[in-house]
Each structure stands twice: as structure tokens, then as C-alpha cells.
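Residue numbers in the sequence shown follow our numbering, run continuously in steps of one, and reach 382 at the last position. Ideal Cβ placement from N, Cα and C applies to all residues, glycine included.
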Amino acid sequence: MVITCEFLFEELAKRLEIYLIETKASWLRLHFSEIFQKSFRNNKFQELQNWCNDIIVKYPEKIFESEGFTSIQENALITLIKRDDLQMEEIKIWKHIIEWGIAQNPGTSPDPKNWSNDNFLTVKTTLQNCLPHIRYFQIPGGDIIDHLQPYRRILDDDLWDDIMKRLISPSKPISSIILPPRVVLTQTLPSRTTEPFSTIINEAHAAEITSWIDKKADAYSATNYPYEFKLLLRGTRDGFTPASFWNLCDKQTNVVVVAKIKGTDEILGGYNPIGWDRSISRKHMNCDESFIFSLKNGTIQNSILSRVKNPKYAIFCNFNAGPVFGGGSGYCDLMFFNPYTCWNCLTSYEKRIRNAVYDSNGASYFSVDEYEIFQINKRS
């Protein structure tokens, strides 16, 4: 597609854009960061730019919290921060803009207390096209003092005077342009009465899992549990490969994994509140709130909850595998290596979660028909 634009085949490039969006959305999602960056290197890719931005405004962490955030192009950043529907607090947008501006000037201290006049001028010049899109008058007073004031010298004097005037006396007129508050979008998850949120678990399962998270003596009801499940990955949609897992789930926190075991009614999974981190591959992460489980389903009469008993080895990061729980002295407790090679063992968690044959190494192997990974958040 890039080549077609270089040869001025604009109509063909446009058709390729539409084809990718309409038929290859899963692939685009899997390579989202790369697609986003490349689409802004040529201003002719308007369809892809709009497709990416429509996703980012709803889930800004995909770019703003990504490792490559400071390397995105200025034009791409501006298209996001000028959007009225960007779902991020204004002070967080400001802090990310500052982070980006500092990164464009290697050698600049991250602490403005160490900046010279030249440093302030350089960062101000770098951010000159971004600063007009910040909604300064929508930032709470405490955040202005804590996070704007240290950088006040990159703002025009008249703007800073108006910010302080509005902070001290909100009714006084000011001359600066006041941009409107960003629009808070309504919940975009599918209605649970018409479309299941999962192809593996139901509302009763979700209620049971969230009861374990909150350590409730009495389980939440299927119609009144206080969490929302946001799908990050579905194997049959996004792929079962380790690359799919890491591209879509790296550093995501409050994560629930569920898997449908091939040839049985078993649903196995786990909860990881701290997430997996690709940068520390083949190392464990300490966590005392994680657990793994088997859910009541079909011929499986009872659920099994297995909480971590050795927090030092609770979570294992392995770039060559999907989500992994436990380990430390032998096999991992729950390993999703690929759809055909998965296992449960007893090492760092309290219980085995399968009623199945375990080999001489204490491992029980299985394959999966499907697996899903969700990020859960408290309902507002």
C-alpha cells in the first residue's frame, strides 16, 4: 500500500485501505501500534488514520501508555489531542505531552527544576503545535499547581495569567480561548442482554470470579457483580500465538484468563492483577493476590479456587509463551504455551485445578479450543 502511494496509485491505495479495515481488522489490531505510526507517515492514508484514532480515543492507553509513545510523529499526536472525544483526563494528556516534548530533546532532564532558560525555550518550541489543544481551563486547581506550574515558562504569559485568574476568581472575564470539556462517551460494550460478552464463560462464572477477587464470603449474583469485562484477546479472533498475547496484553493489569479445554467441559483460568511484562522475559513477578481456577460447567460439578501460596513465583513472564502462572521449582502451575501444549501442575499455588491424570513430573497436559483474556474494571 505504501508502494502504491509512492507510485501515485491513489485510488488503488484507497481500495487497499478499505479492504484491510473491512476484512483484516483482527490483523490490524494485532499490529496496531505499527499500523498507527505508519499511517501517519503518508497523509494519504486517511481511512487508516481515522480507523486508528477512533479506537485510540476510546482506549487511549493503547498509544499513550505504550513503550513507543514518545516516538510517534507530531501530526499523529495532534490528531489525537485535538479530538473532543479523547477519553482521558486533561491532566494526564498534559503530562503525556510534556513527556513527549522532553523525549524529542535528548539530554533534557525530566525534572524542570534542573532546566535552564534554554531548556524551557527548546521544549516550548517543540510543543508549539500541541499546546493550543490542551483544555487548560478544565484542569482542577490542585493539578494546575502540582503539574502545570513547574512548566509555566513554556506557556505564554497571558495564558498563564488567565489560568491563575480563573483559578482564583472563576467569575472574572479572561481573554484566552476556553476550549470545551471533552465529551465523555457512553459505555460502548455490547449489551449483555443481546450479545454474550464471552464465548467461554457466562454471567454466573463472571460473578464467581469477581467474588474471588474481592474475597467475598457470599458470591455476587449473576445480575449484580460490580465489574466490567473488557475483551483484550480471543484466540479464534486474534490468534493463539505468543506474539498475539504479548502484542495485545503486555503490561495490562487486572487481567482474567479463561480457556475452554478441548474434549471436556472444563474451563480453566487465572487472575493476574499486576499483568505480564515482556521486558523481563523468563523471570517471575511477585504477587500475593493472584489465583488460578476451574469453573463449574456441564459435567464439572464444582468450581476449584487455588490461591497463590508462594507469591515470589506467582506470575511468570515468558516471551515464547502466552499467559503463565506459578513455577519456581519445576513446572509452572498453569501454562498456556500454545493451543496444543498447555498444562497444570502444583508448585506455587494451593491446589491442582484438574480432575485428571498427572504424570510422574506432576503435570497434567491439555489442549484448548478457545481462550480469552479480559481486563476487568469496577463499574462506575
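Runs of the beta strand (DSSP E) lying entirely within the region 208-281, each at least 3 residues long, are 229-236, 257-263 and 269-274 in chain order. Residue 154 and residue 182 have their C-alpha atoms some 22 Å from each other. Boundaries of the beta strand (DSSP E) around residue 296: 293-296.
A distance below 6 Å between beta-carbons, with the five flanking residues on each side excluded, links residue 338 to the following residues of its chain, in chain order: 324, 325 and 344. The shortest C-alpha to C-alpha distance from residue 347 to any of 268, 294 and 187 is the one to 294. When rounded, the separation of the alpha-carbon atoms in residue 302 and residue 268 is 7 Å.
Of the residues assessed, residue 349 falls on the buried side of the cut-off, its CB having 16 or more other CB atoms within 10 angstroms.
In the DSSP assignment, residue 374 falls outside any alpha helix (DSSP H) and within the unbroken beta strand (DSSP E) covering 370-380.
Residues 65, 98, 101 and 102 of the same chain have their beta carbon placed closer than 8 Å to that of residue 71, with the five preceding and five following residues left out of the count. Runs of the beta strand (DSSP E) lying entirely within the region 126-154 and spanning at least 3 residues: none are present. Rounded to the nearest whole angstrom, the CA to CA distance from residue 290 to residue 374 is 23 Å. Minimum Cα-Cα distance from residue 45 among the listed residues 211, 78, 24 and 32 corresponds to 78. For residue 54, the enclosing alpha helix (DSSP H) begins and ends at 48-58.
Here the region 306-325 makes no contact with the region 222-229; the two share fewer than three CB pairs at distances below 8 Å. For residue 367, DSSP records a beta bridge to 345. Non-local beta-carbon contacts of residue 185 in its own chain, meaning distances under 6 Å to residues more than five positions away in sequence, involve 86 and 87 in chain order. Distance from the CA of residue 378 to the CA of residue 143, rounded to the nearest whole angstrom, comes to 31 Å. Put simply, the backbone Cα of residue 51 is about 44 Å away from that of residue 217. Residue nearest to residue 122 within the set 131, 150, 168 and 156 is 156 (criterion: CA-CA distance). No Cβ-Cβ contact shorter than 9 Å links residue 234 with residue 271. Residue 288 holds the alpha-carbon nearest to the alpha-carbon of residue 351 among 359, 288 and 341. Bridge partners of residue 315 according to DSSP: none are assigned. Classified as buried, residue 128 has 16 or more neighbouring CB atoms from the shown chains inside 10 Å of its CB. Counting every other CB atom within 10 Å of its CB across the protein chains shown gives residue 359 a total below 16, marking it as exposed. Within the same chain, and ignoring the five residues on either side of residue 34 in sequence, the residues whose Cβ sits closer than 8 Å to its Cβ are 54, 57, 64 and 249.
Across the structure, residue 82 and residue 93 are spaced so that their CA atoms are roughly 15 Å apart.
Per DSSP, the continuous alpha helix (DSSP H) segment holding residue 170 begins and ends at 159-170.
Going by C-alpha positions, residue 356 is about 11 Å away from residue 266. A distance below 9 Å separates the beta carbons of residue 200 and residue 376.
Residue 334 and residue 246 have their alpha carbons spaced roughly 21 Å apart. The shortest C-alpha to C-alpha distance from residue 243 to any of 29, 21 and 24 is the one to 29.
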